[in-house]
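Participant: The following block contains the structure, expressed as structure tokens.
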Amino acid sequence: MYLIAAIVLLYWGSIGDHTRRMPVYLGIAFDIIATLLTLYATSNLDAGIATLILINIASAATLLPYRSAFAFALIAGGGGFIERSVSAFLIGESERSIGEVLLFALAYVAAAGLSQLLRTEVTQRQILMDRQESDLASLSQLNELIIRRMRSGVIVVDDRNQIQRINESAWHLLGQPSPTRKDLNGINSALSMRVNEWRAGHAANLRPLSLAEGQPEVIPRFVAVPQSDAHLCIAFLEDTSLMTRQAEQLTLSSLGRLSASIAHEVRNPLAAISHASQLLAESEEFPASDRRLLEIIRGQCLRMNAIVENILQLSRRQHSKQELVLLPRWAEAFVEEFRTVQPLGQDELKLVVQAAGVSSMFDPDQLQQVAWNLVKNALRYGRMPNEPARVSVVVRRLPDTQQTVLEVTDRGPGIPAKQTAHIFEPFFTTSEMGTGLGLYIARQLCETNQATLDYHSLAGGGSCFRISFHGQPGTDIA
């Protein structure tokens, strides 16, 4: 009977929830009853049978709350007194003395107490281990996210130059090879040769290296992974275009501060010239034949004033206050506002949403400033002769990378290829009334918000200015 009950309880505990304590309650209760009955039936034997329940109580106490554990210990001890009393009453005598029964009762309570201390220690250690494991998992995920979103390419290769890990930037720099290709020598032999030279202890080769057609040159740097059985090596691919851009930013920052001080000095005499031209225009004695000269002066004053305002805006530009922007909703509100503020006449401005629910981190005011400048340029320059402008604001994902982008497109003549490399440079303009700072400021604002602004020509004619969001690309909101 005892064996059958033990098998049933063991099976019940194995198929149920491990947090359920009912099988433990029933098991220890059954053990106590069985032990007391055995003691009663074998009253002439030694105390070995009473010792068996000590092990059961200690084991059960590691699985039960402290109140239940001590309750069963007291029940077992009390059962010993009851068994001795029944034996003495029915048989007339008992082999076990009061002291022996009391000693076993105290042993049961002590065993329950020690097991509870052990249970508490094990539980606390388990909680600490779970917390440390969770922290390690979170830290690992954080490191993975940081590496994956780094602008620099990162590749981890073993001693056979087999790729173990690669981030998105490195994947793009290598020409987007198939994920199944792991042999670095087969993907790019030049980079594999650089790794071998570094392993051989040669002097660092800092010559820029082109890894794929259409990708910027990189300078690879290598670091060994310590205590690695596979002799892992980390290759950092530094984009030379980013380094060049950073150097340009430092130069332009210094020039910006200088230009701002000059702009302040130019503003006052410029205002005096503009005011004097207005007074001359109001004078009745001014010859009508010279009115054209006044118009030229006033037009150039307005242009110079626009340049001064743009320079001052660059010099006191505030840090971006990024927030999560739901791009389709924002673009719809932007198009409606632009149509209200800037009457289009026969021109066309439409919204095209190809990716509903996408969002990104961006300063809404700065995004408004960038998009406003791009749309105004498209309406002004993106038209065929004697035809209305057709401009579109497009929200979509790129099909190859699933990156979220905001595009301003037109169906005009486009920008000549020889000029596309200079359109984002400060003061570059092909218009007599342009300042050459609009696109430069727009790109600066995008980079402040971890985004990029680039130009792409459209098949069949037309221009596309694309804002690519890198802060949180591709976030979907239901």
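Residue numbers (my numbering): 5 to 482. By construction, the Cβ of each residue, glycine as well, lies at the ideal position given by its N, Cα and C atoms. As the structure is a computational prediction, the values presented were derived from the model and not from experiment.
(1) Report yes if the C-beta distance between F469 and E429 is below 8 Å; otherwise report no.
(2) L203: which of G218, I223, V161 sits nearest, CA to CA?
(3) Measure from the C-beta of I277 to each C-beta in chain C and report whether the shortest distance is under 8 Å.
(4) State the DSSP-derived secondary structure class of D351, mapped to helix, strand or coil.
(5) In the DSSP assignment, find the beta strand (DSSP E) that holds R225 and state where it starts and stops.
(6) Report the residue from Q454, R384, Q282, N381 whose alpha carbon sits nearest the alpha carbon of S364.
(7) Between the Cα of L122 and the Cα atoms of H460, Q326, H176, L67, which residue gives the shortest distance?
(8) Do V409 and S472 count as a contact pair if the criterion is CB distance below 8 Å?
(9) Classify A194 as buried or exposed, calling it buried when 16 or more other Cβ atoms lie within 10 Å of its own Cβ.
(10) Taking C-beta to C-beta, are E201 and L213 nearer than 8 Å?
(11) Select from I277, T433, P420 the residue whose C-alpha is nearest the C-alpha of Q304.
(12) Please identify the residue among D351, L371, L297 whose C-alpha is closest to the C-alpha of L1.
(13) Cα separation between A116 and R71?
(14) Taking Cβ to Cβ, would you say V467 is nearer than 8 Å to T413?
(15) Using the C-alpha atoms, what's the distance from F74 back to N48?
(16) For R295, write down the residues that DSSP places opposite it in a beta bridge.
(17) Residue range of the alpha helix (DSSP H) that T344 falls in?
(18) Anyone know if the C-beta pair for A375 and F338 falls short of 8 Å?
(19) Can you round the beta-carbon distance between L353 and V379 to whole angstroms, since I take them to be within the 8 Å contact cut?
(20) Can you tell me whether N60 is buried or exposed, with buried defined as 16 or more other CB within 10 angstroms of its CB?
(21) Please list the terminal residues of the continuous alpha helix (DSSP H) segment that includes L452.
(22) Have a look at the DSSP bridge pairing and note the partners of T424.
(23) Let me make sure I understand the geometry here. Which of V105, L188, N381 has the alpha-carbon closest to that of L443?
(24) Rounded to the nearest angstrom, how far is the Cβ of L188 from that of N209, given a contact under 8 Å?
(25) Where do the N-terminal and C-terminal ends of the alpha helix (DSSP H) with A194 fall, by residue?
(26) Quick one, are the C-beta atoms of V158 and F240 less than 8 Å apart?
(27) Residues in its own chain within less than 6 Å of V357 by CB, not counting five upstream and five downstream?
(28) For G386, count neighbouring Cβ atoms within 10 angstroms of its own Cβ and tell me buried if that reaches 16, exposed if not.
(29) Contact defined as beta carbons within less than 8 Å: I believe S281 pairs with I301. What is the distance between those atoms, to the nearest angstrom?
(30) Which residues mark the beginning and the end of the beta strand (DSSP E) in which A455 is found?
(31) Is the distance from the Cβ of R512 to the Cβ of G361 below 8 Å?
(32) Looking at E217: is its Cβ nearer than 8 Å to the Cβ of G179?
(33) Taking I238 as the reference, which of R384, I167, Q130, M133 has the closest Cα?
(34) For R4, count neighbouring C-beta atoms within 10 Å of its own C-beta (all shown protein chains included) and say buried if the count is 16 or more, exposed if not.
(35) Identify whether E327 lies in helix, strand or coil by the three-state DSSP scheme.
Facilitator: Based on what the coordinates show:
(1) Taking 8 Å as the Cβ cut-off, F469 and E429 do not qualify as a contacting pair.
(2) Rather than Leu, the amino acid found at residue 203 in this sequence is Arg. Looking at the Cα atoms, V161 is the closest of the given residues.
(3) Within the model displayed, chain C is absent; a lone protein chain is all it includes.
(4) In the structure shown, D351 sits in coil (DSSP, three-state: anything other than H, G, I, E or B).
(5) Segment 222-228, the beta strand (DSSP E) holding R225.
(6) Considering only alpha carbons, the answer is Q454.
(7) For L122, the nearest C-alpha among the options comes from L67.
(8) It is a contact, given that the beta carbons lie within the stated cut-off.
(9) A residue is called buried once 16 or more other Cβ atoms fall within 10 Å of its Cβ, and A194, having fewer, is exposed.
(10) No, they are not a contact pair.
(11) Per the Cα distances, I277.
(12) One cannot answer for residue 1 here, as it falls past the ends of the chain, which runs 5 to 482.
(13) In this model, A116 and R71 are separated by some 10 Å (Cα to Cα).
(14) The displayed chain sequence assigns Ser, not Val, to residue 467. Contact annotation: S467 and T413 have beta-carbon atoms nearer than 8 Å.
(15) In this prediction, N48 has a pLDDT of 46, which is less than 50 and means its spatial position is unreliable; nothing more can be read from the coordinates.
(16) According to the DSSP secondary-structure assignment, R295 is paired through a beta bridge with no residue.
(17) Its alpha helix (DSSP H) spans residues 331-345.
(18) By the CB criterion at 8 Å, A375 and F338 fall inside the cutoff.
(19) Between L353 and V379, the beta carbon gap of about 7 Å places them in contact (Cβ cut-off 8 Å).
(20) With 16 or more other CB atoms across the displayed protein chains lying within 10 angstroms of its CB, N60 is buried.
(21) Note that residue 452 is Thr in the sequence shown, not Leu. That run of the alpha helix (DSSP H) goes 442-452.
(22) Looking at the DSSP output, T424 sits in no beta bridge, so it has no partner there.
(23) When each option's Cα is compared against that of L443, the closest is N381.
(24) Not a contact, Cβ separation roughly 16 Å.
(25) Where A194 is concerned, the enclosing alpha helix (DSSP H) stretches over 193-203.
(26) Contact annotation: V158 and F240 have beta-carbon atoms nearer than 8 Å.
(27) Answer for V357: P332, V399, listed in chain order.
(28) Buried, by the Cβ-count rule.
(29) The beta carbons of S281 and I301 sit about 5 Å from each other, so the pair counts as a contact at 8 Å.
(30) Counted as a single uninterrupted DSSP element, the beta strand (DSSP E) harbouring A455 occupies residues 455-461.
(31) The chain is shown only over 5 to 482; residue 512 falls outside these bounds and no answer can be derived.
(32) Closer than 8 Å, so yes.
(33) The shortest C-alpha separation from I238 is found at I167.
(34) Any answer about residue 4 is impossible in this case: the structure gives the chain only from 5 up to 482.
(35) Per DSSP, reduced to three states, the secondary structure at E327 is strand.
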